[in-house]
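In the order they appear, the protein sequences are chains A and B. Mapping to UniProt numbering: the first sequence position 32 is 32, numbers consecutive. Mapping to UniProt numbering: the second sequence position 198 is 198, numbers consecutive.
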Amino acid sequence: MANIAAQRIKREFKEVIKSEEVAKCAIKVELVNDNYTELKGEIAGPPETPYEGGTFVLEIKVPETYPFNPPKVRFITKIWHPNISSVTGAICLDILKDQWAAAMTLRTVLLSLQALLAAAEPDDPQDAVVAKQFKENQDMFKQTARHWTSIYAGGPHRNTEFDLKIRRLTDMGIEDHQARVALSSYNWDLERATEQLFS
Amino acid sequence: MGEERSTLHDRFDTGVNQDELILQQQRQIEKEISEKTPLVGDMENFSSLEKEYAGDAVYCQKVQDLSAKYKSMRRTRPDGNCFFRAFSYAYLEQLLNNPEEYERFYALASKSKDNLVALGFPQFTVEDFHDTFMEVVSRVGKGGGTFTQTDLHKLFNEQGYSDYIVVYLRLITSGRLQQEAEFYQHFIEGNRSVTDFCHQEVEPMYKESDHIHIIALSTALNVGVRVRYMDRGESSEVIAHDFPEGTRPSVHLLYRPGHYDILYP
Numbered sequence: 001m002a003n004i005a006a007q008r009i010k011r012e013f014k015e016v017i018k019s020e021e022v023a024k025c026a027i028k029v030e031l032v033n034d035n036y037t038e039l040k041g042e043i044a045g046p047p048e049t050p051y052e053g054g055t056f057v058l059e060i061k062v063p064e065t066y067p068f069n070p071p072k073v074r075f076i077t078k079i080w081h082p083n084i085s086s087v088t089g090a091i092c093l094d095i096l097k098d099q100w101a102a103a104m105t106l107r108t109v110l111l112s113l114q115a116l117l118a119a120a121e122p123d124d125p126q127d128a129v130v131a132k133q134f135k136e137n138q139d140m141f142k143q144t145a146r147h148w149t150s151i152y153a154g155g156p157h158r159n160t161e162f163d164l165k166i167r168r169l170t171d172m173g174i175e176d177h178q179a180r181v182a183l184s185s186y187n188w189d190l191e192r193a194t195e196q197l198f199s
Numbered sequence: 001m002g003e004e005r006s007t008l009h010d011r012f013d014t015g016v017n018q019d020e021l022i023l024q025q026q027r028q029i030e031k032e033i034s035e036k037t038p039l040v041g042d043m044e045n046f047s048s049l050e051k052e053y054a055g056d057a058v059y060c061q062k063v064q065d066l067s068a069k070y071k072s073m074r075r076t077r078p079d080g081n082c083f084f085r086a087f088s089y090a091y092l093e094q095l096l097n098n099p100e101e102y103e104r105f106y107a108l109a110s111k112s113k114d115n116l117v118a119l120g121f122p123q124f125t126v127e128d129f130h131d132t133f134m135e136v137v138s139r140v141g142k143g144g145g146t147f148t149q150t151d152l153h154k155l156f157n158e159q160g161y162s163d164y165i166v167v168y169l170r171l172i173t174s175g176r177l178q179q180e181a182e183f184y185q186h187f188i189e190g191n192r193s194v195t196d197f198c199h200q201e202v203e204p205m206y207k208e209s210d211h212i213h214i215i216a217l218s219t220a221l222n223v224g225v226r227v228r229y230m231d232r233g234e235s236s237e238v239i240a241h242d243f244p245e246g247t248r249p250s251v252h253l254l255y256r257p258g259h260y261d262i263l264y265p
């Protein structure tokens, strides 16, 4: 079994590096170890989304039963998205669960994740806090997601107002990321974020 | 699905993913089943089935009827792939001794890949599964002592080969459904399109088969299947359904709610 998984991944690996998406720098895969059980993926944030300009790194673990069971994938790069946990990077996507089919490939997975970044499914959330913001305050969601992209994924849009608010909290001894999470969760209401952090 | 936590306080200490846990439990159950039942079992008479239903009048009568109509049975692992596995085993087993039918099937199977690629399935994986499928079919064709029933049985109990065959048959089934989408749309409940149905119920491994799967596969391969139904229904007989309707069945399967095994007339 393990042998089938490794052989298949080897072939897929070659398929991805030859693909036109790689040529366009939209997706990328690298080996982490020699036995093809773990890979590192990368996807570019899709244009005209808050993730544009960012590069998102993924952890891909290939189970022994691959391709009959899906690869285990999670975001290493922190991201603000309704279907991705802002804490663990866990992903809620049907093809990584019960709708995986053996005819799919790493390339399909990476392209589907990229599509997920462009079209969130807030009614089937992984991160309830983000999903709520997405549904109730689209504009706030976009700004927050763009801010996370600039901080964690190398995106181009710094937001000085958000930076200042974080600074206010870090000056009080709160750790940078923790401050960002609290502010993001409370729609950048400094007072409520502070209250929550010190409660 | 998958909501991790609702309050902010939890955010920092729980990273538990519910879906992940459910999947893990599912895998565990699958593992227990697989340790108990081989992918395809040995040929057996109906005494074990009789024992299984001892004291159950309705079923006992049906086992009686079954043993009047069939000589023996062969069990398959109840892993959701049983229809595909039972069908391919029973059919390939017959091809071992039927060179004429083998020629017909070989030609059809060889061409089946182009069909799938034309329908938009990714060439890369279709080729992978088709290659393995054809490797098995070719071995069956050697016949004459070089590839025997025992070899086929061994091969079907090697998870890798066995599952590759299942996947390829799932693809052929999906291909047929999509090709004749207009017709099959009538059999799909809810608002799902045929393509959605294929993505959700046909292509993924472990998804159970229904009439629609059987009709599509038997038509695509032009192989008749007779399914004998053993359930709580009132008849004292095991009722037969032939797919596609009106064809001479070459594969006989026993259906009990949620599961298919092979029957030998």
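For every residue, glycine included, the Cβ atom is placed at its ideal position computed from N, Cα and C.
Within chain B, the residues whose beta carbon sits less than 8 Å from that of A:Thr-105 are Pro-122, Phe-124 and Thr-125, listed in sequence order. Assignment of B:Met-73 by DSSP, reduced to helix, strand and coil, places it in the strand class. Interface annotation, B:Glu-32: not in contact with chain A, CB-CB separation never under 8 Å. In this structure, A:Asn-83 and A:Gln-126 form a Cβ contact; the two beta carbons are roughly 5 Å apart against a cut-off of 8 Å.
In the three-state scheme derived from DSSP, where H, G and I count as helix and E and B as strand, A:Gly-41 is classed as strand. When 8 Å is used as the limit between beta carbons, A:Phe-68 is near these residues of chain B: Asp-163, Val-167 and Met-205, in chain order. A contact is defined here as three or more CB-CB pairs under 8 Å, and the region 98 to 106 of chain A meets this definition with respect to the region 201 to 217 of chain B. Counting along the chain, no alpha helix (DSSP H) covers B:Asp-231, and no H or E run does either. Where A:Arg-168 is concerned, there is no enclosing beta strand (DSSP E), although the alpha helix (DSSP H) around it starts and stops at 160 to 170. For the pair A:Phe-13 and A:Val-22, the Cα-to-Cα distance works out to about 12 Å. Shortest Cα-Cα distance from A:Asn-35 to any of A:Ile-79, A:Ala-5, A:Gly-89 and A:Gly-53 involves A:Ala-5. Under the criterion of beta carbons closer than 8 Å, B:Ile-212 and B:Phe-187 qualify as touching, at roughly 5 Å. When DSSP states are grouped into helix, strand and coil, A:Met-140 belongs to the helix group. Taken atom to atom, the span from the alpha-carbon of B:Ala-54 to that of A:Val-62 is near 45 Å.
Among the CB atoms of chain B, one or more fall inside 8 Å of the CB of A:Trp-100. Residue state for A:Phe-75 is assigned as strand, using DSSP reduced to three classes. Secondary structure of A:Thr-55 (DSSP, three-state): strand. No Cβ of chain A is located within less than 8 Å of the beta carbon of B:Gln-179. Across the set A:Val-87, A:Trp-148, A:His-147 and A:Glu-121, the C-alpha of A:Glu-121 shows the shortest separation from the C-alpha of A:Lys-135. Here A:Lys-72 has Lys-61 as same chain residues with Cβ atoms under 6 Å from its own Cβ, once five neighbours each way along the sequence are excluded. Neighbours of A:Ile-60 in chain B, taken as residues whose beta carbon is under 9 Å from its own, are absent, since the nearest beta carbon is some 15 Å off. A direct Cα-Cα distance of roughly 23 Å separates A:Asp-189 from A:Gly-155. Fewer than three pairs of CB atoms, one per stretch, sit closer than 8 Å, so the region 174 to 194 of chain B makes no contact with the region 131 to 139 of chain B. Spanning the alpha carbons of B:Ser-236 and B:Arg-256 requires a straight line of approximately 15 Å. Bounds of the beta strand (DSSP E) holding B:Ala-240 are 239 to 243.
According to DSSP, B:Lys-113 shares a beta bridge with no other residue. One thing to note: B:Tyr-102 has its Cβ no nearer than 8 Å to the Cβ of B:Leu-108. At a Cβ-Cβ threshold of 8 Å, B:Tyr-264 and B:Leu-253 do not count as neighbours. One thing to note: B:Phe-84 has its Cβ within 8 Å of the Cβ of B:Ser-209. Taking A:Thr-105 as the centre and dropping the five residues before and after it, the same chain places the C-beta of Glu-12 closer than 6 Å to its C-beta, in chain order. Under the three-state reduction of DSSP output, B:Arg-192 falls in the coil class, being neither helix nor strand. Here the alpha carbon of B:Arg-74 sits roughly 14 Å from the alpha carbon of B:Thr-150. Excluding five sequence positions before and after A:Thr-77, the CB atoms of its chain that fall closer than 7 Å to its own CB belong to Phe-56, Val-57, Tyr-152 and Ala-153, given in chain order. For a cut-off of 8 Å, the C-beta gap from A:Ala-26 to A:Gln-114 is around 7 Å, short enough to register as a contact. Fully enclosed alpha helix (DSSP H) runs of no fewer than 4 residues occupy 159 to 179, 181 to 184 and 194 to 197 of the region 157 to 208 of chain B, in order along the chain.
Per DSSP, B:Leu-263 lies in no alpha helix (DSSP H) segment; the continuous beta strand (DSSP E) that holds it begins and ends at 259 to 264.
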